[in-house]
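A.B. asks: Right, I'll just put the structure down here and ask away after.
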Amino acid sequence: MSVTQKSWLTELFPFLVWARSYSGNDFQADLIAGVVVVFITIPQVIAYAYLAGLPAEYGLYAAIMSLAGYAAFGSCRTLAVGPAAILAMMTLEAISDQAQPGSAAYVALATKLTLVTGGLLIILRIINFGAVISFLSHSVVTGFIAASAILIIANQIPSILGISQSPGTAVDVVVPHIFTHLDSINLVVLGIAAGAMLLLWFCRHQLEGILLRTGLSARLVTNLVKSAPMYAVILSVLCVWWLSLADTRSVAVVGPIPDAWPALGMMTLTLTELQRLLPSALLIAMVIFMESTSIGSAVASKSRQKIEPNQELVG
40 MSVTQKSWLT ELFPFLVWAR SYSGNDFQAD LIAGVVVVFI TIPQVIAYAY LAGLPAEYGL
100 YAAIMSLAGY AAFGSCRTLA VGPAAILAMM TLEAISDQAQ PGSAAYVALA TKLTLVTGGL
160 LIILRIINFG AVISFLSHSV VTGFIAASAI LIIANQIPSI LGISQSPGTA VDVVVPHIFT
220 HLDSINLVVL GIAAGAMLLL WFCRHQLEGI LLRTGLSARL VTNLVKSAPM YAVILSVLCV
280 WWLSLADTRS VAVVGPIPDA WPALGMMTLT LTELQRLLPS ALLIAMVIFM ESTSIGSAVA
340 SKSRQKIEPN QELVG
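Heads up, the sequence shown is in this note's numbering, so the first residue is 40 and it goes up one at a time.
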């Protein structure tokens, strides 16, 4: 294989570069991180699927494909990508006026929207759009991350309180909705949410010191502390199951999820549909790019690594 071919391959598949120095310690750390991410990702993507107006299983499909795809094409070694709250909300806003959320027509439109968005990202890579990120200041990137966090937190509050979801996703719509439904707060749901957050705080600020005093190695303690989100998920599930909260209808549960892959088939995209979806797809593509590069840069900088913005468009 020529040098040019090797360069082209490593540019397209960045993992070929760092895989040469991949060690057993790296695998151990990645295995722990992977287990924690799985326990967090499964309930998270199911929730995001509902947020996007899609059946629960579509969140799992999207998570599997996006994680596998980014591992092959992404440039950040420590970034896990997948369905995100802000993208789910944008999807709902983009196509909910064209089809009933949850219907077969809606699922088809959502699929077409993702295909158009993916195509736009590839086009942006071809025209070297990734170079634009170098002109963005740190304050802009920080502001984007902070604004996304505020929007996501605001839209999660109804779920934490156990009340109905807001008809819109904007903060000025969600906040009034919360205050007008304070009389219907589900105390059981709120208790589980509060317990999970308290557990996360305890693991982050108290658990490490307690475990170190028992004589455990610092590496093991660090791994146990970082697994805190997994504990919250497992204990929440056990709590709902042990107390039969789903049977008493105190807590709404997802219920059975199809265990088979969806049937594959050809999908046609008409010119009219393309014209309707293109503006939303372009906006979603911009958000995906900003989210990936901003978070990827922040994560990579902690380990003194760099990301390639153009490759992020592909990933």
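Each residue gets a CB set at the ideal place from its N, CA and C atoms; glycine is no exception.
Predicted model only: the values in this text are computed from it and were never measured.
#1: Ignoring anything shorter than 4 residues or poking outside the region 273–350, list the alpha helix (DSSP H) runs there in chain order.
#2: Given a threshold of 16 other Cβ atoms within 10 Å of its Cβ, counted over all protein chains shown, does F328 qualify as buried or as exposed?
#3: Do the CB positions of G169 and L352 come within less than 8 Å of each other?
#4: What ranges does the alpha helix (DSSP H) occupy inside the region 166–231, keeping only unbroken runs of at least 4 residues that lie completely in it?
#5: I134 and L148 look like a contact to me (Cβ under 8 Å); what is the Cβ gap, rounded to whole Å?
#6: Counting only runs of 4+ residues fully inside the region 226–263, write out the alpha helix (DSSP H) ranges in chain order.
#7: Between N262 and I71, how many whole angstroms is the CB-CB distance? I'm expecting something under 8 Å.
#8: Please name the residue in N194, S223 and C278 whose C-alpha comes closest to that of V210.
#9: Within 10 Å of its beta-carbon, does N349 have 16 or more other beta-carbons around it, so buried, or fewer, so exposed?
#10: Comparing C-alpha positions only, which one of Y100, G158 and G108 sits nearest to L303?
#11: Buried or exposed for G201, please, with buried defined as at least 16 other CB atoms from any protein chain shown within 10 angstroms of its CB.
#12: Taking D136 as part of the alpha helix (DSSP H), name the residues at either end of that continuous run.
#13: If you draw a straight line from the alpha carbon of P301 to that of I273, how long is it in whole angstroms?
#14: Of the residues L221, A267, G92 and A188, which one's Cα is nearest the Cα of E330?
#15: Can you tell me whether Y61 is buried or exposed? The criterion is at least 16 other CB atoms within 10 Å of its CB, across all chains shown.
#16: Here's a check: name, in chain order, each residue in its chain whose Cβ is nearer than 7 Å to the Cβ of I125, leaving out the five neighbours to either side.
C.D. replies: On the basis of the data shown:
#1: 310–341
#2: buried
#3: yes
#4: 177–200 and 210–219
#5: 5 Å
#6: Here the runs fully enclosed are 226–241 and 247–251.
#7: That belief holds up - the Cβ atoms of N262 and I71 are roughly 5 Å apart, short of 8 Å.
#8: N194
#9: buried
#10: Y100
#11: buried
#12: No alpha helix (DSSP H) holds D136; DSSP gives it neither H nor E.
#13: 28 Å
#14: A188
#15: exposed
#16: Exclusion of the five residues before and after I125 leaves S187, L190, I191 and V326 as the residues of its chain whose Cβ lies within less than 7 Å of its Cβ.
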